[in-house]
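In mature numbering (1 follows the signal peptide of the UniProt record, and there is no 0), the protein residues as written are -20 to -1, 1 to 326. Yeah, the Cβ is synthetic: ideal placement off N, Cα and C, and Gly gets one too. Quick notes on the structure that follows.
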Amino acid sequence: MLGRSLVPFLLLGLFAAARGSQNAQSYPKKCTELRLRREWRDLSLRDKHAYIRAVKCLQTLPAKDESLPEKITRYEEFVVSHTGASEGVHGVGQFLPWHRALGFLYETALREECGYKGPFPFWDWPRDADGSKPLKESPLFDAATGFGPDGTPGTYTTLPNADPLPPGFNTSLPPYTPPQWNCVTSGPFANLTLHLGPGKSQNFDHCLTRAVQEEFRYLLQTPNIKNIMSQKDYDSFWNSLDGWPFKDWALHDGGHFAVSGDLTNYYTSPNEPLFYLHHSGLDRLWWKWQHSKPGRLQEIGGRSSPLPPYGKVTPALQLSFGALAPPITVGRILDTSYEPYCYAYP
């Protein structure tokens, strides 16, 4: 089953509520064809190379937003969008819709601006975490056919981070001592210079960093995935998957912290190209959960703010992407079998 339509009269109301003529959203059309996203290791070698080339292409294109510093790249515009939205899209019910839309915007840029034609990839974590090999030996970290290896020890001096978490956010997670981050010095992103972060209020030129660790492996394994998929309602589903602001780690945290380095920065984690595979994996779980029972495609919920007053997520809630794209309602993002999304998962 590839999709169930959203209720037409509901959608009409949602799109009519879009702010301003420039942001008005037209009635969506049912897709005539769906792109099937694929796990990274199921891509052909040709598609793997083409995908990496497209990412590197975005990293060389200038930003479209002329208000940004000249050195900021088109790739980094997505980091800017995430940084600006972060405090309103984590620990809230719109976490999954917002990141679904960001991933699609990123995919669209890869295709339209850098010529990528293959499947958009995701990370199916148990294919690594359920086995006996160290996570750093995953094909995702292959220097020739993946995103490059772990960081090289002794190559990075930790930069100050003035804002590791938003003010007032729950910090009662289990004690954790982060590893020493290191620069990625081989593979396709070797010696890449990033210009944003760490944090939202300062920007230092720095390398792409990683520090792959086993401590979070259990979060990426099948038992945790099964528990997430067994949740009976959307609020419970996203809570079990996202992990904030609760007192234990969750799958969302697990992917970020297993790779570590830039991927663990609350604001600028999209500096790491693996960000999009991890979040496409989360989107896949949501997609599968949505299609597992009738009525779930229209189901949404959770609080709309991580801090009081909490509010409630509804399909009419507008999500902002800064200068990257016009605002879009949550209701427009729920069903990927409608334009412009037109994709499905295996």
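(message) Measuring only the C-alpha atoms, how far is THR12 from ASP315?
(response) On the sequence shown, position 32 is the one that residue 12 refers to. On the sequence shown, position 335 is the one that residue 315 refers to. Answer to the nearest angstrom: the Cα atoms are 14 angstroms apart.
(request) Could you round the C-beta distance between GLY241 and GLY131 to whole angstroms and report it? I think they count as a contact, below 8 angstroms. (result) On the sequence shown, residue 241 is found 261 positions in, with the first residue counted as 1. On the sequence shown, residue 131 is found 151 positions in, with the first residue counted as 1. Going by Cβ atoms, the distance from GLY241 to GLY131 rounds to 6 angstroms, so yes, they are a contact pair.
(message) Does GLU67 come out as helix, strand or coil in the three-state DSSP assignment?
(response) Within the sequence shown, residue 67 is the residue found at index 87, counting from 1. Secondary structure of GLU67 (DSSP, three-state): helix.
(message) Suppose you measure from the CA of GLY311 to the CA of GLU92; what does that come to, to the nearest Å?
(response) As a working mapping, residue 311 is identified with position 331 in the sequence shown. As a working mapping, residue 92 is identified with position 112 in the sequence shown. Roughly 25 angstroms between the two C-alpha positions.
(request) State the beta-bridge partners of GLU19 as determined by DSSP. (result) What you label residue 19 is simply residue 39 of the sequence shown in a count that begins at 1. Beta-bridge analysis with DSSP links GLU19 to PHE102.
(message) I'd like to check one pair, PRO106 with LEU200: are the Cβ atoms closer than 8 angstroms?
(response) Sequence index remark: in the sequence shown, residue 200 carries index 220 (1-based). Sequence index remark: in the sequence shown, residue 106 carries index 126 (1-based). Yes, Cβ-Cβ distance for LEU200 and PRO106 is below 8 angstroms.
(message) Going by beta-carbon coordinates alone, are GLY95 and ALA170 separated by less than 8 angstroms?
(response) On the sequence shown, position 115 is the one that residue 95 refers to. On the sequence shown, position 190 is the one that residue 170 refers to. In this structure, GLY95 sits away from ALA170, with a CB-CB distance that is not shorter than 8 angstroms.
(request) Take ASN207 and list the residues in its own chain whose beta-carbon comes closer than 7 angstroms to its own, dropping the five residues that flank it on each side. (result) Position 227 of the sequence shown, counted from the start, is the residue given in the question as residue 207. The answer, listed in chain order, is SER220.
(request) Would you identify the three-state DSSP class for ARG190, choosing helix, strand or coil? (result) Counting from one through the sequence shown, the residue named residue 190 turns up at place 210. In the structure shown, the three-state DSSP call for ARG190 is strand.
(request) Buried or exposed for GLN182, please, with buried defined as at least 16 other CB atoms from any protein chain shown within 10 angstroms of its CB. (result) Residue numbering aside, residue 182 sits at position 202 when the sequence shown is read from its first letter. Exposed.
(message) Helix, strand or coil for ALA324? Go by DSSP, reduced to three states.
(response) Along the sequence shown, read from residue 1 onward, the residue named residue 324 stands at position 344. DSSP, read as helix, strand or coil, puts ALA324 in strand.
(message) By the three-class DSSP mapping on this structure, what secondary structure does TYR246 have?
(response) Taking the sequence shown and counting its residues from 1, the one referred to as residue 246 is at position 266. TYR246: coil per DSSP, three-state reduction.
(request) Taking the CB atoms as reference points, tell me whether ASP215 and GLY73 lie closer together than 8 angstroms. (result) Taking the first residue of the sequence shown as 1, we reach residue 215 at position 235. Taking the first residue of the sequence shown as 1, we reach residue 73 at position 93. Result yes, Cβ atoms of ASP215 and GLY73 sit closer than 8 angstroms.
(message) For a quick check, are the C-beta atoms of ARG54 and ALA65 less than 8 angstroms apart?
(response) Locating residue 54 in the sequence shown gives position 74, where the first residue counts as 1. Locating residue 65 in the sequence shown gives position 85, where the first residue counts as 1. Result no, Cβ atoms of ARG54 and ALA65 do not sit closer than 8 angstroms.
(message) DSSP three-state label for LEU174, please.
(response) Here residue 174 refers to the residue found at position 194 when the sequence shown is read from its first residue. DSSP places LEU174 in strand when its eight states are reduced to three.
(message) For ASN3, which residues in the same chain have their Cβ closer than 7 angstroms to its Cβ, ignoring the five residues on either side in sequence?
(response) To locate residue 3, count along the sequence shown from 1; it is residue 23. With a pLDDT of only 42 at ASN3, under 50, the local geometry of the prediction cannot be trusted, and no value is derived from it.
(request) Please confirm whether LYS180 and TYR86 have their CB atoms less than 8 angstroms apart. (result) For the purposes of this step, residue 180 is taken as residue 200 along the sequence shown, with counting starting at 1. For the purposes of this step, residue 86 is taken as residue 106 along the sequence shown, with counting starting at 1. In this structure, LYS180 sits away from TYR86, with a CB-CB distance that is not shorter than 8 angstroms.
(request) Tell me whether TYR318 is buried or exposed, calling it buried when 16 or more other Cβ atoms sit within 10 Å of its Cβ. (result) Numbered from its first residue, the sequence shown carries residue 318 at position 338. Of the other Cβ atoms in all chains shown, 16 or more fall within 10 Å of the Cβ of TYR318; this residue is therefore buried.
(message) Taking the straight line between their C-alpha atoms, what separation do you get for GLN5 and THR309?
(response) On the sequence shown, residue 5 is found 25 positions in, with the first residue counted as 1. On the sequence shown, residue 309 is found 329 positions in, with the first residue counted as 1. Summary for GLN5: the model assigns pLDDT 49, below 50, so the residue's position carries little reliability; its value from the coordinates is reported in the next sentence. If I take the Cα positions, the gap works out to 9 angstroms.
(request) Give a yes or no on contact between the stretch 27 to 41 and the stretch 289 to 301, applying the rule of three or more CB pairs nearer than 8 angstroms. (result) Flag = no, the stretch 27 to 41 and the stretch 289 to 301 do not touch.
(request) Please confirm whether any heavy atom of the ligand NAP lies closer than 7 angstroms to the CB of PRO155. (result) For the ligand NAP, the structure offers nothing, since it holds no ligand at all.
(message) Helix, strand or coil, according to DSSP, for ASN183 in the structure here?
(response) In the sequence shown, residue 183 corresponds to position 203, counting from 1. In the structure shown, ASN183 sits in a strand (DSSP, three-state: E or B).
(message) Taking the alpha carbon of LYS9 as the reference point, which residue from TYR321, ARG18 and TYR325 has its own alpha carbon closest?
(response) Working through the sequence shown from its first residue, we reach residue 9 at position 29. Taking the Cα of LYS9 as reference, the smallest distance to any Cα among TYR321, ARG18 and TYR325 is reached at TYR321.
(message) According to DSSP, is SER112 part of a helix, a strand, or is it coil?
(response) If you number the sequence shown from 1, residue 112 lands on position 132. The three-state reading of DSSP puts SER112 in coil, since its state is none of H, G, I, E or B.
(request) Just tell me which of GLU50, GLY71 and ASP45 has its CA closest to the CA of SER61. (result) Position 81 of the sequence shown holds residue 61. Here the closest residue by C-alpha is ASP45.
(request) Grab the span of the alpha helix (DSSP H) containing GLY282 for me, first residue to last. (result) Position 302 of the sequence shown, counted from the start, is the residue given in the question as residue 282. Neither: GLY282 is in no alpha helix (DSSP H) and is coded neither H nor E.
(message) In whole angstroms, give me the CA-to-CA distance for ASP185 and LYS212.
(response) Position 205 of the sequence shown, counting from 1, holds the residue named residue 185. Position 232 of the sequence shown, counting from 1, holds the residue named residue 212. Rounded to the nearest angstrom, the two C-alpha atoms are 45 angstroms apart.
(request) Kindly list the residues whose CB is nearer than 7 angstroms to the CB of THR165, restricted to its own chain and excluding five residues on each side of it in sequence; keep chain order. (result) Counting from 1 along the sequence shown, the entry for residue 165 is found at position 185. Within the same chain, THR132, THR135 and ASN171 come within 7 angstroms of THR165 by CB-CB distance, once the 5 residues on both sides are set aside.
(message) Taking the straight line between their C-alpha atoms, what separation do you get for LEU188 and CYS163?
(response) Taking the sequence shown and counting its residues from 1, one reaches residue 188 at position 208. Taking the sequence shown and counting its residues from 1, one reaches residue 163 at position 183. Looking at the backbone, the Cα of LEU188 and that of CYS163 are separated by about 6 angstroms.
(message) Short of 6 angstroms in beta carbon distance, which residues of its chain neighbour SER1, apart from the five on each side in sequence? Order them along the chain.
(response) Translated into the one-based positions of the sequence shown, residue 1 becomes position 21. Legend: pLDDT at SER1 = 33, less than 50; position of this residue unreliable, no value from coordinates given.
(message) Rounded to the nearest angstrom, what separates LEU23 and GLU252 at their Cα positions?
(response) Counting from one through the sequence shown, the residue named residue 23 turns up at place 43. Counting from one through the sequence shown, the residue named residue 252 turns up at place 272. Rounded to the nearest angstrom, the two C-alpha atoms are 20 angstroms apart.
(request) Compute the distance between the beta-carbons of CYS129 and GLY167, then report whether it is under 8 angstroms. (result) What you label residue 129 is simply residue 149 of the sequence shown in a count that begins at 1. What you label residue 167 is simply residue 187 of the sequence shown in a count that begins at 1. The sequence given here has Pro at residue 129, not Cys. Against a cut-off of 8 angstroms, the Cβ pair of GLY167 and PRO129 comes out as a contact.
(message) Distance check for PRO178 and PHE58, CA to CA, integer angstroms please.
(response) In the sequence shown, residue 58 corresponds to position 78, counting from 1. In the sequence shown, residue 178 corresponds to position 198, counting from 1. Spanning the alpha carbons of PHE58 and PRO178 requires a straight line of approximately 15 angstroms.
(message) Please tell me whether ALA238 and LEU76 are closer than 8 angstroms, where the distance is taken between their beta carbons.
(response) Position 258 of the sequence shown, counted from the first residue, corresponds to residue 238. Position 96 of the sequence shown, counted from the first residue, corresponds to residue 76. With a cutoff of 8 angstroms on beta-carbon distance, ALA238 and LEU76 are scored as not near each other.
(request) With distances taken Cα to Cα, identify the nearest neighbour of PRO159 among GLY302, GLU279 and THR244. (result) Reading the sequence shown from its first residue, position 179 is the one you call residue 159. Among GLY302, GLU279 and THR244, the Cα nearest to that of PRO159 is on THR244.
(message) Using C-beta distances below 8 angstroms, list every residue in its chain close to TRP103, excluding the 5 sequence neighbours before and after it, in chain order.
(response) As a position in the sequence shown, residue 103 is number 123, starting the count at 1. Only GLU19, TRP20, LEU120, GLY235, LEU254, LEU257, HIS258, SER260 and GLY261 meet the Cβ criterion.
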